[in-house]
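Enquirer: Sequential numbering from 1159 applies to the sequence shown in the working numbering.
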Amino acid sequence: MKDQDKRQTMDHKFFQFRLEEFYYMGFTVIEDVLTNDVIINLRNEVERIYLRQEKEFTSDRLKLINEQYVCRALLSESEAYLKLASNEFIISFVKAILGDYFILHLQNGIINMPGEYHHQSNWH
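(1) Between which two residues does the alpha helix (DSSP H) harbouring S1299 extend?
(2) Between the beta-carbon of L1233 and the beta-carbon of Q1265, is there less than 7 Å?
(3) Hey, R1201 and I1188: beta-carbon distance below 7 Å or not?
(4) Using 8 Å for Cβ pairs, my map puts Y1182 next to I1269. What's the rounded Cβ distance?
(5) Cα separation between Q1174 and Q1226?
(6) Ordered along the chain, which non-local residues of its own chain (more than five positions away) have a Cβ less than 7 Å from that of R1206?
(7) Once the 5 residues before and after F1185 are set aside, which same chain residues still bring their CB inside 7 Å of it?
(8) Beta-carbon separation of N1199 and A1238 under 7 Å?
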């Protein structure tokens, strides 16, 4: 068996194991989909986008509508988030569960500041 064939077989077994775990437990953790560099870049992108949106709308207005520390429309603002949303492994995993018809419902970035309560902290 060639190295590429072995890798594909291992990937398939890994994929099937995670899928089975999802069906059995209702969730799974797929490690190493994102590198540390990608995670750092995504974190930096959220900060960059939030600062731009805060400048556009002002901090006072964001507080008034309970939107402080929430980034909206990440895919329209960042190539890195568009790449994350179109990750082939994740898309194939979602397709295996939901079929070919699904949508990304939200694309918000929630910034949890230390020592501050955020209304979405319970979910993130």
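Just so it is clear, CB atoms sit at the ideal spot from N, CA and C, and this is done for glycine as well.
Expert: To lay it out plainly:
(1) Residue numbering for the chain in the displayed model covers 1159 to 1282; residue 1299 lies beyond these limits and cannot be assessed.
(2) Taking the sequence shown and counting its residues from 1, the one referred to as residue 1233 is at position 75. Taking the sequence shown and counting its residues from 1, the one referred to as residue 1265 is at position 107. Yes, the Cβ-Cβ distance between L1233 and Q1265 is below 7 Å.
(3) On the sequence shown, position 43 is the one that residue 1201 refers to. On the sequence shown, position 30 is the one that residue 1188 refers to. Contact: no.
(4) For the purposes of this step, residue 1182 is taken as residue 24 along the sequence shown, with counting starting at 1. For the purposes of this step, residue 1269 is taken as residue 111 along the sequence shown, with counting starting at 1. In fact, because the Cβ distance is near 34 Å, the residues do not count as touching under 8 Å.
(5) The sequence position of residue 1174 within the sequence shown is 16, counting from 1. The sequence position of residue 1226 within the sequence shown is 68, counting from 1. Going by the C-alpha atoms only, they are around 40 Å apart.
(6) Counting from 1 along the sequence shown, the entry for residue 1206 is found at position 48. Nothing listed; no residue qualifies.
(7) Start at 1 with the first residue of the sequence shown, and residue 1185 comes out as number 27. If we look at F1185 and ignore the five residues flanking it on each side, it has no Cβ neighbours.
(8) Position 41 of the sequence shown, counting from 1, holds the residue named residue 1199. Position 80 of the sequence shown, counting from 1, holds the residue named residue 1238. Result yes, Cβ atoms of N1199 and A1238 sit closer than 7 Å.
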